[in-house]
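Q: So the protein sequences, as listed, match chains E and R.
Residue 359 is where the first sequence starts when you use my numbering, and the numbers rise one by one after that.
Residue 8 is where the second sequence starts when you use my numbering, and the numbers rise one by one after that.
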Amino acid sequence: MPPPQDPIYAGLGQAVRIGTELLAALIVGGGLGWAADTYLLGSAPWGLIVGLLFGAAAGVRNAYKAAQRWQDSSGRTDK
Amino acid sequence: MEESPLHPFELHNYVPISLGGLDISINKAVLIMWVVVALIALLMVMAGSARKLVPGKLQSLAEMLVDFIRGIILDTMGEGGMKFFPLIATLFLFILFCNLIGLIPGSYTVTSQIVVTAVFATVVYALSLVMGFVLHGAKFLGILVPPGTPGWLLPLMIPIELISQLARPISLAVRLFANMTAGHVILGVLFGLAISGGLLIGWLPFAFTIAMNGLEVGIAFIQAYIFTVLTCVYLGDAFHLHGHDEHAH
């Protein structure tokens, strides 16, 4: 099963992975904020705004964790 | 010849079945899933029937696959993760074969339906949650607090970690779905260009179609691999809370 070991394919996989990591956290954050706005608090734009901000932070954190894990696994610890 | 690039994603109902308003018709996706399951079963049964010490072609293929999955589990979860081997091997083989069989023209890519990938992701994530709570009890909620967080940061870190946890199944589902769909849309567009271009210029997009198909084979492997690795990582996170600090207490 050579593809995952192939550096080009491994890099491509990582790139795609980190991209969706950012997106998914934004969807969840924005979605939670929007849901809080519409169904719970009625605080029209603010839940969405705060949710998106938290989502962005969570996305960056996820991407950071993913990149960190990749660095650990590929043995490159040039800190 | 005008054809929508989304045409390959249409589900044709072969046998319409409706159960209490629920549409459970047998369509192209269901049919392909059955084919995939049959193929995997056939491959594994045929490969396992000989059991020679010096493996034949089929047996070494099966051994390579099993060894590959075993390697993923050992890398991410350690020896304790081997009890999930059946689940993870099933996921990997099913996704891989679905991705690959979708590249045969006229066939159907089951993993380009977000329903399918979302079910996989939900099952994996739910399993990791259940396992975490069974193994660690209420302490498992500590997964929301990264180790070494100062107290005054907690109101900020807990929502962020909560969102980043909830994003896991979504990123798992969206990644596989988006990659397979995007690849097939590109193939569809290129092939449409090739047909409408005629012989004079059409060979150029046709050549790209062939190149893209080759790339898609790689993507099919990568996506199956990433899905499997992340499944192991998520299960492993629930397994040993906060990396390897289970020795600490």
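Note that the Cβ used here is the ideal one computed from N, Cα and C, for glycine as well.
Quick one: Cα of V374/E to Cα of R182/R, how far?
A: V374/E and R182/R: Cα-Cα distance of roughly 8 Å.
Q: Spell out whether any CB of chain R is found under 8 Å from the CB atom of T435/E.
A: A caution first: T435/E carries a pLDDT of 43, below 50, which makes its placement in the model unreliable, though a value can still be read off. No, T435/E lies away from the interface with chain R (no Cβ there is under 8 Å from its Cβ).
Q: Is it right to say D30/R is buried, meaning 16 or more other beta carbons lie within 10 angstroms of its own, or is it exposed?
A: It is exposed - the Cβ of D30/R has fewer than 16 other Cβ atoms within 10 Å.
Q: Which stretch, first to last residue, makes up the beta strand (DSSP E) that contains Y21/R?
A: Residues 20-22.
Q: Taking the Cβ atom as the reference point for each residue, do C117/R and A36/R lie within a distance shorter than 8 Å?
A: Residue identity check: residue 117/R is Val in the sequence provided, not Cys. Closer than 8 Å, so yes.
Q: Closest to L98/R by C-alpha separation, out of V123/R, T235/R, I24/R, would be which residue?
A: Looking at the Cα atoms, T235/R is the closest of the given residues.
Q: Beta carbons nearer than 8 Å to chain R: which residues of the stretch 374-387 of chain E have them?
A: From the stretch 374-387 of chain E, only V374, R375, T378, E379, L381, A382, A383, I385, V386, G387 have a Cβ closer than 8 Å to chain R.
Q: State yes or no: is the beta carbon of G478/E nearer than 8 Å to at least one beta carbon in chain R?
A: Because residue 478/E is not part of the residues shown, which for chain E are 359 to 437, the question remains open.
Q: Let me check one thing: in DSSP terms, what residues is N34/R bridge-paired to?
A: N34/R pairs with N20/R.
Q: Taking the alpha carbon of G405/E as the reference point, which residue from A382/E, T378/E, A393/E, V386/E has its own alpha carbon closest?
A: For G405/E, the nearest C-alpha among the options comes from A393/E.
Q: Leaving out five residues on either side along the sequence, give the residues of the same chain with a beta carbon under 7 Å from the beta carbon of L390/E.
A: Cβ within range, chain order: G409.
Q: For the putative contact between G387/E and G413/E, defined by C-beta atoms under 8 Å, what is the C-beta separation to the nearest angstrom?
A: With a Cβ gap of about 2 Å, G387/E and G413/E count as contacting.
Q: Excluding five sequence neighbours on each side, which residues of the same chain lie with their C-beta closer than 7 Å to the C-beta of N186/R?
A: Within the same chain, N186/R has close Cβ partners I226, Q230.
Q: Evaluate L194/R with the Cβ neighbour count: other Cβ atoms within 10 Å of its Cβ, from every protein chain shown; 16 or more gives buried, anything less gives exposed.
A: With 16 or more other Cβ atoms within 10 Å, it is buried.
Q: Under the three-state reduction of DSSP, which class applies to L110/R: helix, strand or coil?
A: DSSP places L110/R in coil when its eight states are reduced to three.
Q: Chain R beta carbons: is any one of them nearer than 8 Å to that of L390/E?
A: Judged by the 8 Å Cβ criterion, L390/E is in contact with chain R.
Q: Looking at the C-beta of L81/R, does it have a partner C-beta in chain E at a distance below 8 Å?
A: So no, L81/R is outside the interface.
Q: Residue range of the alpha helix (DSSP H) that R58/R falls in?
A: From DSSP, R58/R is part of no alpha helix (DSSP H); its letter is neither H nor E.
Q: Check whether the stretch 73-89 of chain R and the stretch 145-161 of chain R are in contact - that is, three or more C-beta pairs closer than 8 Å.
A: With the cut-off at 8 Å, the stretch 73-89 of chain R and the stretch 145-161 of chain R do not touch.
Q: How about T238/R: is its C-beta nearer than 8 Å to some C-beta of chain E?
A: False, the Cβ-Cβ gap to chain E never drops below 8 Å.
Q: Cα separation between S25/R and H19/R?
A: Using only the alpha carbons, I get a separation of about 15 Å.
Q: How should A383/E be labelled, buried or exposed, when 16 other C-beta atoms within 10 angstroms of its C-beta is the threshold for buried?
A: Label assigned to A383/E: buried.
Q: Considering only C-alpha positions, which residue in the set V122/R, R175/R, G149/R is nearest to F184/R?
A: Out of V122/R, R175/R, G149/R, V122/R has the C-alpha closest to the C-alpha of F184/R.
Q: Spatial neighbours of G85/R within its chain, please: CB distance less than 7 Å, with the 5 preceding and 5 following residues excluded, ordered by chain position.
A: Excluding positions up to five away in sequence, the list is empty.
Q: Rounding to the nearest angstrom, what Cα-Cα distance links H256/R and P93/R in this structure?
A: Note on H256/R: pLDDT 36, under 50, position unreliable in the model; no value is reported.
Q: Hey, how far is the Cα of A96/R from the Cα of A48/R?
A: So the two alpha carbons sit approximately 12 Å from each other.
Q: Are there 16 or more other CB atoms within 10 angstroms of the CB of M2/R, so buried, or fewer, so exposed?
A: Examination of residue 2/R is not possible in this model, given that chain R is present from 8 through 256 alone.
Q: Can you give the Cα-Cα distance for L242/R and E379/E, rounded to whole angstroms?
A: So the two alpha carbons sit approximately 17 Å from each other.
Q: Quick check: the stretch 159-173 of chain R against the stretch 415-430 of chain E, are there 3 or more CB pairs under 8 Å?
A: Yes, since at least three Cβ pairs between the stretch 159-173 of chain R and the stretch 415-430 of chain E fall closer than 8 Å, the two stretches touch.
Q: Grab the span of the alpha helix (DSSP H) containing M89/R for me, first residue to last.
A: Note, M89/R: premise wrong, no alpha helix (DSSP H); not H, not E.
Q: How do the stretch 100-109 of chain R and the stretch 36-45 of chain R stand: do at least 3 beta-carbon pairs fall below 8 Å, yes or no?
A: Result yes; three or more Cβ-Cβ pairs closer than 8 Å.
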